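I have placed the structure first, in the form of structure tokens, so that the comments after it can refer back to it.
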Amino acid sequence: MLPTRQKAEEILAEAEKCNPGAWGNHSRVAAHCAERIARECGDLDSDKAYILGLLHDIGRKFGTRHLGHVSDGYSYMMSLGYDEAARICLTHSFNRQTIDDYIGKFDTTRDELNMIKDALDGVELDEYDRLIQLCDSIAGVGDVMDIEERMKDVKRRYGAYPEKKWDRNLMLKKHFEKKMGKDVYSVTKKDVH
Ligand SMILES: [Fe+2]
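So this is what it looks like as structure tokens:
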């Protein structure tokens with residue numbers, strides 16, 4: 056289940072009040088990209104893509120956490136019955152479906168970590184998971200970014216970027232470009248405001 060677009064926008068705006076930061080606009084850029092790419096793919100629901108993009112980082116509502124934002128987002132969306140959004144809160148951080156190459160601190164409790172592992176094991180990544188992983192890796196704070204520049208920025212901030220995760224993001228970009236028959240940036244060029 057998913058909230059409507061309007062409800063998702065309200066949830067994000069409310070969450071930003073609890074923990075103001077750049078993540079809100081990053082989420083809006085990811086939503087914009089997801090909607091545009093989904094529209095070009097032909098077999099994806101662009102409304103669903105937009106809503107998933109908007110809510111992928113919703114766990115940040117509960118404070119500045121690293122891996123913890125994944126479990127916070129997952130639990131929050133599940134508590135509202137939005138299981139499809141909960142899934143994206145989980146999968147957007149693990150493009151190789153493993154927590155081993157997570158970028159950031161493992162700042163969860165043991166229970167939260169087990170919840171993440173169990174939920175991730177039970178998922179078979181689909182096109183929406185892959186789409187939001189890609190959009191997360193091209194969404195800056197106010198605009199779409201070159202994927203390698205965005206990854207370099209993450210690398211600068213966190214000190215490292217696992218090579219396999221990096222390569223997987225480039226593969227995702229190629230995958231969707233092949234599917235669309237178009238360049239990702241030509242499709243996501245911003246006129247979002
Ligand atoms: Fe995130």
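If you're matching positions, the sequence shown starts at 56 in the working numbering and goes up one per residue. Glycine included, each C-beta is placed from N, C-alpha and C at the ideal position. As the structure is a computational prediction, the values presented were derived from the model and not from experiment.
Where do the N-terminal and C-terminal ends of the alpha helix (DSSP H) with residue 106 fall, by residue? Per DSSP, residue 106 belongs to the alpha helix (DSSP H) from 101-110.
Could you give the C-beta distance for residue 213 and residue 206, rounded to a whole number, given that I count them as a contact under 8 Å? Contact doesn't hold; Cβ gap of about 11 Å is too wide.
What separation, rounded to the nearest whole angstrom, lies between the Cα atoms of residue 77 and residue 233? Rounded to whole angstroms, residue 77 to residue 233 spans 31 Å at the Cα level.
From 70, 117, 145, 160, pick the residue whose C-alpha is nearest to that of residue 191; which is it? 145 is the residue among 70, 117, 145, 160 whose C-alpha sits nearest the C-alpha of residue 191.
What number of angstroms, rounded off, separates the C-alpha of residue 139 from the C-alpha of residue 211? So the two alpha carbons sit approximately 32 Å from each other.
Quick one: give me the first and last residue of the alpha helix (DSSP H) that residue 121 is part of. In this chain, residue 121 is not harboured by any alpha helix (DSSP H), its DSSP state being neither H nor E.
Nearest neighbour of residue 188, chosen from 162, 161, 157, 163 [CA to CA]: Comparing Cα-Cα distances from residue 188 to each of 162, 161, 157, 163, the minimum goes to 157.
Can you tell me whether residue 241 is buried or exposed, with buried defined as 16 or more other CB within 10 angstroms of its CB? The residue in question, residue 241, is exposed, as its Cβ has fewer than 16 Cβ neighbours within 10 Å.
Could you tell me the alpha carbon to alpha carbon distance between residue 197 and residue 137, rounded to whole angstroms? For residue 197 and residue 137, the gap between their C-alpha atoms comes out near 27 Å.
At the level of alpha carbons, what is the spacing between residue 94 and residue 244? Computed Cα separation, rounded: 14 Å.
Can you tell me whether residue 6 sits near ligand 1, meaning its C-beta is under 6 Å from at least one heavy atom of the ligand? Because the chain in this structure spans residues 56 to 248, residue 6 falls outside the shown range and cannot be described.
Check each candidate in 65, 63, 73, 85 and name the one with the smallest Cα separation from residue 195. Distance from the Cα of residue 195 is smallest, within the candidate group 65, 63, 73, 85, for 85.
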